[in-house]
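J.:
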Amino acid sequence: MRKELSISIPFLDEEQGISILHSRISPVIKQLEENYEVELILIDDGSTDSTFDLLKQFFSQAKIIRHPKNLGIGAAMRSGFDAFSGDYIVFLDSDCTFAPEEICAMLEIISKDDKIDVVSASPYHPKGGVEGVPVWRLVFSKGASWLYRRLVSDRIYTYTSFMRIYKREAANKLKFENNGFIAVTEVMVRSIYLGLNIVEYPAVLSVRKYGRSKIKVFKVVMEHLRFILSLPKIKKDPCPKP
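Just so we're aligned, residue 190 is where the sequence shown starts under our numbering, counting upward by one.
1. Assess, as a yes-or-no matter, whether the region 343-363 is touched by the region 279-289 under the definition of 3 or more beta carbon pairs within less than 8 Å.
2. If you drop the 5 nearest sequence neighbours on each side, which residues of the same chain put their C-beta closer than 6 Å to that of SER239?
3. In terms of residue numbering, what span does the beta strand (DSSP E) encompassing LEU194 cover?
4. Based on Cα-Cα distance, which residue from VAL396, LEU201 and LEU221 lies nearest to VAL324?
5. Threshold first: 3 residues or longer. Then list the beta strand (DSSP E) segments lying entirely within the region 328-367, N to C.
6. With DSSP as the reference, label LYS408 as helix, strand or coil.
7. Identify every run of the alpha helix (DSSP H) within the region 258-313, keeping only runs that are complete inside it and at least 4 residues long; order them along the chain.
8. Quick check on the burial criterion: 16 or more other C-beta atoms within 10 angstroms. Buried or exposed for PHE370?
9. Among the residues of its own chain, which have a CB less than 8 Å from the CB of PHE241, if the five just before and after it don't count?
10. Tell me, which residues are paired with GLY318 by DSSP?
11. What whole-angstrom Cβ distance do PHE287 and ALA392 have, given they're in contact under 8 Å?
12. Where does the unbroken beta strand (DSSP E) through GLU226 begin, and where does it stop?
13. If you compare alpha carbons, which of GLY332, ASN259, ILE218 and LEU385 is closest to SER236?
14. Looking at the secondary structure, which residues open and close the alpha helix (DSSP H) in which LYS425 lies?
15. Compute the Euclidean distance between the alpha carbons of ARG415 and LYS219, then round it to the nearest angstrom.
16. Span of the beta strand (DSSP E) holding LYS252?
17. Across the region 331-346 and the region 287-304, are there enough close Cβ pairs to call them in contact, namely three or more that are closer than 8 Å?
18. Between PRO391 and the ligand ADP, is there a pair consisting of the residue's CB and a ligand heavy atom that are separated by less than 8 Å?
19. What number of angstroms, rounded off, separates the C-alpha of PRO421 from the C-alpha of GLU375?
20. Which term fits ASN367, buried or exposed, when burial requires 16 or more other beta carbons within 10 angstroms of its beta carbon?
21. Hey, out of LEU194, ARG326, GLU389 and SER330, whose CA is closest to ALA310's CA?
22. Please classify GLN268 as buried or exposed, where buried requires at least 16 other C-beta atoms within 10 Å of its C-beta.
23. For LEU243 versus SER215, is the C-beta distance shorter than 9 Å?
Structure representation (structure tokens):
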């Protein structure tokens, strides 16, 4: 019996890039379907443009979840966790800043080793890299990961990467509280404190080619500061009560 793979992608006002994503991910899905049953879960996180209609047009076979308003990337990630039915779940950015083609290599790693729970794309790994990313974003993201390496675990180079693959058993253990961008880091930190076996996959983070970033820098900085203050509590109880 073939294993099942779920791919979850969040969207917020991404009408400019949906056709590009479709052209990039369709051959990847076709390749994956040689060995897996593939489920595509698309989360429209309160878009106000034509994103929802375009998702229905380009991805008619996908499971499309629509948030009535913008709740945040953490909420979109939670919807993906709640909806997936596969043996593995992949989270992928809709803007292709991480290449969708890397899913195959990451899946190869996690599927061949029973001891691995999570594979995370890592541009800050010594063998990873960045291409064309604005300096301010690189300083912010890399600086945050540098700080968490010292506060949480120096085994992980990148704490801010959304592109990850989780085994179902690991995903079922993960609960998190935040709805904003900080949720990406929160899930990584909780995974570490839960003792999950995490492997980083050296990846290239590239600049967004279309649309605009939804990151509000001051808001995200404040989220990180509040989250850092909560680290002792999270370490003591890495699985929050519902």
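For glycine and all other residues, C-beta sits at the position ideal for the given N, C-alpha and C.
T.: For this structure:
1. yes
2. Sequence index remark: in the sequence shown, residue 239 carries index 50 (1-based). Closer than 6 Å at Cβ, skipping near neighbours: GLU204.
3. Stepping through the sequence shown from its first residue, residue 194 is reached at position 5. LEU194 -> beta strand (DSSP E) spans 192-200.
4. For the purposes of this step, residue 324 is taken as the residue at position 135 of the sequence shown. The residue with the shortest Cα to Cα distance from VAL324 is VAL396.
5. 353-356
6. Here residue 408 refers to the residue found at position 219 of the sequence shown. The answer is helix: DSSP assigns LYS408 an H, G or I state.
7. 262-272 and 291-300
8. Position 181 of the sequence shown, counting from 1, holds the residue named residue 370. Answer is buried; the Cβ neighbour count reaches 16.
9. Here residue 241 refers to the residue found at position 52 when the sequence shown is read from its first residue. Result list for PHE241: ASP233, ILE253 and ARG255, in chain order.
10. Position 129 of the sequence shown holds residue 318. GLY318 pairs with VAL393.
11. Taking the sequence shown and counting its residues from 1, one reaches residue 287 at position 98. Taking the sequence shown and counting its residues from 1, one reaches residue 392 at position 203. About 6 Å separates the beta carbons of PHE287 and ALA392, which is inside the 8 Å limit, making them a contact pair.
12. For this step, residue 226 is matched to residue 37 along the sequence shown. First-last of the beta strand (DSSP E) with GLU226: 225-234.
13. If you number the sequence shown from 1, residue 236 lands on position 47. For SER236, the nearest C-alpha among the options comes from ASN259.
14. The sequence position of residue 425 within the sequence shown is 236, counting from 1. Start and end: 420-425.
15. Taking the sequence shown and counting its residues from 1, the one referred to as residue 415 is at position 226. Taking the sequence shown and counting its residues from 1, the one referred to as residue 219 is at position 30. Computed Cα separation, rounded: 42 Å.
16. Translated into positions along the sequence shown, residue 252 becomes position 63. 252-256 is the extent of the beta strand (DSSP E) around LYS252.
17. no
18. The ligand ADP is not among the ligands present in this structure, which contains no ligands whatsoever.
19. Numbered from 1 along the sequence shown, position 232 holds the residue referred to as residue 421. Numbered from 1 along the sequence shown, position 186 holds the residue referred to as residue 375. Their Cα atoms are separated by approximately 13 Å.
20. Translated into the one-based positions of the sequence shown, residue 367 becomes position 178. By the Cβ-count criterion, ASN367 is buried, with 16 or more other Cβ atoms from all chains shown falling within 10 Å of its own Cβ.
21. Mapped onto the sequence shown, residue 310 falls at position 121. Comparing Cα positions, the closest option is GLU389.
22. As a first step, residue 268 must be located in the sequence shown, where it is residue number 79. One point to set straight first is that residue 268 is Ser, not Gln, in the sequence displayed. With 16 or more other Cβ atoms from the protein chains shown falling within 10 Å of its own Cβ, SER268 counts as buried.
23. Start at 1 with the first residue of the sequence shown, and residue 243 comes out as number 54. Start at 1 with the first residue of the sequence shown, and residue 215 comes out as number 26. No. Outside cutoff.
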